[in-house]
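Sequence order for the protein chains is A and B.
If you're matching positions, the first sequence starts at 1 in the UniProt record's numbering and goes up one per residue.
If you're matching positions, the second sequence starts at 1 in the UniProt record's numbering and goes up one per residue.
Think of the CB as a built atom: it goes at the ideal place given N, C-alpha and C, for glycine as much as any other residue.
To start, the structure under review is shown below, and the notes come after it.
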Amino acid sequence: MINIQIQKQLDGPEGPMLLDLNLQVPMGQLITLYGPSGAGKTTTLKILSGLMQAETGKIMVADSTWLDTSEKICLKPQDREIGYVFQDYALFPNMSVRQNLKFAQPKDKDSGIVQELIQIMELENIQDRKPDTLSGGQQQRVALARALVQQPKILLLDEPLSALDLKIRLKLQDYLLQVHRKYGLTTFLISHDIGEIHRLSDWVVVLEEGSVVRQGSPSEIFINQNLSGKFKFKGEVLHIEKNEVVYIVTVLVHNEVVKIIAQESEVKNLGIGDAVIVASKAFNPIIYKVS
Amino acid sequence: MSWEPLILTFKLALVTTLALLTVSIPLSYWLAYSKARIKPIVQTLVSMPLVLPPTVLGFYFLIAFSPNTIFGGWLNEALGIQLVFSFPGLVVASLLYSLPFMVHPIQSGFSGVSNSLREASYLMGKSKLQTLFKVLLPNIKPSLLTGIVLSFAHTVGEFGVVLMIGGNIPGKTKVASIAIYDEVEALNYASANFYSLTLFVITFGILLTVYLINGGHLKKFWK
């Protein structure tokens, strides 16, 4: 079990806020932290890794105490055996891909792991190149491989895939799942992508303004709450137009513009810019694969 | 006309630059990353030589290092070091005088390195010292080079401090800048021109090299 109880005063996007967490997660799972930006997700990972200090709190990982402010225990980041993939990847620009991996390798551990990871992550062709000559997806693979060279107990991923396009993202999600299982890691992932969270995580923790507001399996968090078999989307009214006896309301749903036919009674209270819900019931939607 | 003042100038600049580099790396590191309350004061002190007339610095050095004062007397008796009118005195004075020219580029180099690089290195179990030598310094090479060259060139060009603390002893403290002044006063314009032109050409060459290297213009020759 990993037991995290931390409090820290933060400067949130809307003034000061208190990060106050109390989490218990079993080892070996992939846990996603989900929530709006400024909710304290990155801070949580930083405190877990020892790069930031909590004001009060306690972190227990299996049987070892990493942090206990009442006992004045705080394990240095160097001793926590954490692999961290930063949002900006943090690859060392002065070292080649292979040297980056070598640098991360602990002295007392198996030296075959560098070669093994270069193969798993398909880095053979780029192993002698410097990070700044690589594409985003390649850098991401190197960063992930480098975090795993340490053979960490815990892997922390701070939105590592957010900057990549869908195709590469799907491929990297496969890598991630593969290594997560192969090395028996406990992984914390920060992600905003619900599809990604569904594919990867065992457990989702939803953070808002420094507190846990919900937690559960991905389907409990994202599906069950409005599972009713009908279509329901939030949107914004762009335009209302009278056409003969009906009204045509143009609504922006995500990035799509849709036109909806409405009765006079329905548009009576609607104005341009209003937030609305577009819902439909009693018909079967058709599903297509887009490739 | 002799090469002696020129050789002395470059010897002083070389010794000063090497000593400065050793002092400035830890100092800049501290200035870049520390959150201590006295940091603004240290920062101000480091930058003071930029705005103070060199004669002010030289004057206080002269007072402090004089064997008649407590500090100067102690240096003289306990350690046998005489800093007034001597080469070691010039080095100490130049160290402080050129300090900002070394510290500022290195400090901004450190600040420019993304925090996540340091953090990543710590999480790989590397100590702060290992991180400094393996990650930070190799990634701020242009700043190091700028610092080295600026403080070298600045030491070559100093006049006031050297004159105050070192005087004008041939072979010991008479550097090129003072020799030029000396020759002009004696109306030996040919000698003054010789020293001046040599300094001009050498410093031009040094600065040009830095801009070529930092601008990446020389890369094609060694790649």
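Per-residue DSSP class, three states only, for residue i
i        : result
A:Lys8   : strand
A:Phe103 : helix
A:Gln140 : helix
A:Phe222 : helix
B:Trp3   : coil
B:Leu52  : coil
B:Arg118 : helix
A:Ser111 : coil
A:Phe233 : strand
B:Val23  : helix
B:Ala208 : According to the sequence shown, residue 208 of chain B is Leu rather than Ala. If DSSP states are grouped into helix, strand and coil, B:Leu208 belongs with the helices.
A:Ile118 : helix
B:Ile81  : coil
B:Gly72  : helix
B:Ile41  : helix
Straight-line gap, residue i to residue j (C-alpha atoms, nearest Å)
i                      : j        : result
A:Asp86                : B:Ser111 : Before going on, a small fix: residue 86 of chain A reads as Phe here, not Asp. Distance between the alpha carbons of A:Phe86 and B:Ser111: 18 Å.
residue 254 of chain B : B:Ile140 : This structure cannot speak to residue 254 of chain B, because chain B is shown only from 1 to 223.
B:Lys223               : A:Ile194 : Because the pLDDT at B:Lys223 is just 48, under 50, the model does not fix this residue reliably, and the value given afterwards should be weighed accordingly. B:Lys223 and A:Ile194: Cα-Cα distance of roughly 46 Å.
A:Ile287               : A:Thr186 : 35 Å
B:Phe207               : B:Leu6   : Note that residue 207 of chain B is Leu in the sequence shown, not Phe. Using only the alpha carbons, I get a separation of about 18 Å.
B:Leu8                 : B:Phe65  : 21 Å
A:Leu164               : A:Glu220 : 27 Å
B:Ser47                : B:Tyr195 : 30 Å
A:Lys182               : A:Gln24  : 23 Å
A:Asp158               : A:Leu45  : 8 Å
B:Tyr29                : B:Thr209 : 26 Å
B:Leu145               : B:Val23  : 15 Å
A:Ser162               : A:Gly136 : 10 Å
B:Ile63                : B:Thr69  : 7 Å
A:Thr56                : A:Ala143 : 31 Å
A:Tyr175               : A:Gln140 : 11 Å
A:Gln178               : A:Asn255 : 33 Å
B:Ile25                : B:Ile106 : 7 Å
A:Trp203               : B:Gly216 : 49 Å
A:Ile197               : A:Ile118 : 26 Å
B:Leu150               : B:Gly109 : 15 Å
A:Leu134               : A:Thr65  : 39 Å
Residue-chain proximity (residue i, chain A), Cβ-Cβ < 9 Å
i        : result
B:Leu129 : no
B:Lys126 : yes
B:Asn214 : no
B:Tyr122 : yes
B:Ser114 : yes
B:Pro138 : yes
B:Ala134 : Residue 134 of chain B is actually Lys in this sequence, not Ala. Cβ-Cβ to chain A under 9 Å: yes for B:Lys134.
B:Lys223 : Because the pLDDT at B:Lys223 is just 48, under 50, the model does not fix this residue reliably, and the value given afterwards should be weighed accordingly. Answer no: the Cβ-Cβ gap between B:Lys223 and chain A never drops below 9 Å.
B:Glu119 : yes
Interface flag, residue i vs chain B, CB-CB below 9 Å
i        : result
A:Gln9   : no
A:Pro13  : no
A:Pro93  : yes
A:Phe86  : yes
A:Gly216 : no
A:Pro36  : no
A:Arg80  : yes
A:Phe103 : yes
A:Pro106 : yes
A:Lys76  : yes
A:Ala90  : yes
A:Gln150 : yes
A:Ser49  : yes
A:Gly184 : no
A:Gly83  : yes
Notebook entry, point to check: Are there three or more Cβ pairs, one per stretch, closer than 8 Å when the stretch 147-161 of chain B is compared with the stretch 255-269 of chain A?
Noted result: Cβ pair count under 8 Å is below three, so no.
Item checked: Sufficient close CB pairs (3 or more, under 8 Å) joining the stretch 88-107 of chain A to the stretch 144-153 of chain A -> yes
Next item on the list: State whether the stretch 181-196 of chain B contacts the stretch 111-129 of chain B, with contact taken as three or more CB pairs (one from each stretch) at a distance under 8 Å.
Entry: no
Margin query: For the structure I just gave you, are there three or more beta carbon pairs, one from the stretch 203-212 of chain A and one from the stretch 27-41 of chain A, closer than 8 Å?
Written below: yes
Next item on the list: Taking 8 Å as the threshold, find out whether the stretch 95-103 of chain B comes into contact with the stretch 138-154 of chain B through three or more Cβ pairs.
Entry: Flag = yes, the stretch 95-103 of chain B and the stretch 138-154 of chain B touch.
Margin query: As an exercise, report each continuous beta strand (DSSP E) stretch of at least 3 residues that is fully enclosed by the stretch 4-55 of chain A, in chain order.
Written below: 15-25, 30-34
Notebook entry, point to check: Would the stretch 74-85 of chain A and the stretch 50-61 of chain A be scored as touching if the rule is three or more Cβ pairs under 8 Å?
Noted result: Yes: the two stretches touch, three or more of their Cβ pairs being nearer than 8 Å.
Margin query: Please give the ranges of any beta strand (DSSP E) in the stretch 144-218 of chain A, keeping only runs that are unbroken, at least 3 residues long and fully inside the region.
Written below: 154-158, 186-190, 203-208, 211-216
Notebook entry, point to check: Considering only residues of the stretch 234-263 of chain A, which uninterrupted alpha helix (DSSP H) runs meet the minimum length of 4 residues and lie entirely inside it, listed in chain order?
Noted result: none
Item checked: Complete runs of the alpha helix (DSSP H) confined to the stretch 145-214 of chain B [at least 4 residues] -> 160-166, 176-185, 189-214
Notebook entry, point to check: On the three-pair Cβ rule with 8 Å, is the stretch 277-284 of chain A touching the stretch 232-243 of chain A?
Noted result: With a cut-off of 8 Å, the stretch 232-243 of chain A and the stretch 277-284 of chain A count as touching, because enough Cβ pairs lie within range.
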